[in-house]
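Going by my numbering, the first residue of the sequence shown is number 25, and it counts up by one from there. C-beta: ideal position from N, C-alpha, C; glycine also. Computed from a prediction, not measured in an experiment: that's the story for all the values here. Working notes, structure below.
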Amino acid sequence: MEYYNKANTVNAKVQKLSFDVEVIDNQLMGVAKLELNAPLNQFELDDIKDYIEGQCSDGWGEGFEQREIKCGEKEFYVSFWQPGDWELKTGEEIGLETFEPAEEPKMGMNMGGMYQ
């Protein structure tokens with residue numbers, strides 16, 4: 025949340041935002057993990073989703089998707105964004121178990137593209 029530049033309730037409630045990948049229903053998905061100080065209301069959830077979508081569409085991590093990831097003899101490039109075929113959903117919306125407040129709520133998004 026270091027780069028989230030709004031001084032609002034979202035900034036106060038979201039302690040940490042990190043990106044990862046997970047296999048969910050046999051599909052590789054990008055996952056934004058939020059560590060919360062308090063539950064988000066719908067307005068706050070919509071706001072953080074907009075922020076995450078902006079980060080992903082900009083290439084997350086200042087050029088992350090332009091850097092190769094070596095896997096054996098192959099190199100992969102990972103993008104968290106794919107125009108026209110991209111959707112950001114909460115873990116609950118994609119059928120994951122609900123999370124207790126002490127655990128990390130997750131937002132899943134379809135992998136934007138994994139290509140060689």
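For the alpha helix (DSSP H) that contains residue i, what are its first and last residues?
i: Gly54; result: Taken as a continuous stretch (DSSP letters only), Gly54 belongs to no alpha helix (DSSP H), being part of the beta strand (DSSP E) at Gln51 to Leu60.
i: Lys98; result: Counting along the chain, Lys98 falls outside any alpha helix (DSSP H), though it belongs to the beta strand (DSSP E) covering Lys98 to Ser103.
Report the three-state DSSP secondary structure of residue i (helix, strand or coil).
i: Leu64; result: coil
i: Lys30; result: coil
State the start and end residues of the unbroken beta strand (DSSP E) segment that holds residue i.
i: Ile118; result: Element bounds for Ile118: n/a, residue is neither H nor E.
i: Gln39; result: Val38 to Ile48
To the nearest angstrom, how far is the alpha carbon of residue i from that of residue j?
i: Glu68; j: Val34; result: 6 Å
i: Met53; j: Asp71; result: 21 Å
i: Phe88; j: Leu58; result: 20 Å
Can you tell which of the options has its C-alpha closest to the C-alpha of residue i?
i: Ala62; options: Gln90, Ala36, Gly119 and Ser103; result: Ala36
i: Val38; options: Ser81, Tyr28 and Tyr101; result: Tyr28
Rounded C-beta distance between residue i and residue j? I'm assuming under 8 Å.
i: Ile93; j: Ile48; result: Contact doesn't hold; Cβ gap of about 20 Å is too wide.
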